[in-house]
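Novice: My questions all concern the structure below.
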Amino acid sequence: MIKQKAKLPDTNAILRYLLKDHDEHYKKAASFFEEVRIGKETVIILESVLVECVYILTKFYNVPREETANILRQFLGYKGIANSDRKDLIDALAFFAESNLDIVDAILHIKARNNRFTLFTFDRRLAKKQEN
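One rule links them: number in this note's numbering = place in the sequence shown (from 1) + 62.
Below, the structure is given as structure tokens:
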């Protein structure tokens with residue numbers, strides 16, 4: 063039996079599932095992401111898609127940072143999420159919720175910390191976080 067390759071959901075599919083704001087799209091997304099939740103479907107969430115989800119939820123829908131982070135952390139915990147950097151992304155969302163950094167800087171900070179990388183930045187707030 064040939065193993066099916068992972069799928070790449072886009073931002074819109076994830077948001078329709080999380081927001082339940084378009085009935086027809088939500089039903090299709092819910093059916094698909096339920097399969098992901100239980101591990102019958104495999105997906106990879108691109109970092110760019112995650113960042114766009116955070117941006118749209120916080121800026122367009124005015125979902126608070128902490129709530130946005132919690133929703134997306136739960137989502138990344140689904141069995142069918144096959145990201146090799148899943149722990150880094152979940153940690154970055156937690157850091158985003160408790161810090162004043164944007165999501166891209168939170169991801170940079172966490173990936174540098176978790177993987178013992180040296181971060182090269184001119185951003186004083188981000189550099190200060192690296193020192194701690």
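Note that the Cβ used here is the ideal one computed from N, Cα and C, for glycine as well.
Predicted model only: the values in this text are computed from it and were never measured.
By the DSSP assignment, the alpha helix (DSSP H) with D167 in it spans what residues?
Specialist: Unbroken alpha helix (DSSP H) run through D167: I165 to N177.
Novice: Return the residue from the list N124, F179, N162 and R178 that minimises the CA-CA distance to R187.
Specialist: The shortest Cα separation from R187 among N124, F179, N162 and R178 belongs to N162.
Novice: Would you mind sorting A189 into buried or exposed? The rule is 16 or more other CB atoms within 10 Å of its CB.
Specialist: That one is exposed.
Novice: Can you list, in chain order, the residues of its chain whose CB lies under 6 Å from that of K67, leaving out five sequence neighbours each side?
Specialist: Same-chain partners within the cutoff: there are none.
Novice: Give me, in chain order, the residues of the same chain whose beta-carbon lies closer than 6 Å to that of F95; leave out the 5 immediate sequence neighbours on both sides.
Specialist: So the qualifying residues of the chain are Y79.
Novice: Apart from the five residues just before and just after E103, which ones in its own chain have a Cβ nearer than 6 Å to its Cβ?
Specialist: Only E97 and G142 meet the Cβ criterion.
Novice: Between L151 and L170, which are expected to be in contact by the criterion C-beta below 8 Å, what is the C-beta distance as a whole number of angstroms?
Specialist: At roughly 12 Å, the Cβ-Cβ gap does not stay under 8 Å, so L151 and L170 are not in contact.
Novice: Just checking my contact of I165 with V125 at CB under 8 Å: how many whole Å lie between their CB atoms?
Specialist: Their Cβ separation, rounded to whole angstroms, is 13 Å, which puts I165 and V125 out of contact at 8 Å.
Novice: Please classify Q105: does DSSP put it in a helix, a strand, or coil?
Specialist: The sequence given here has Val at residue 105, not Gln. V105: strand per DSSP, three-state reduction.
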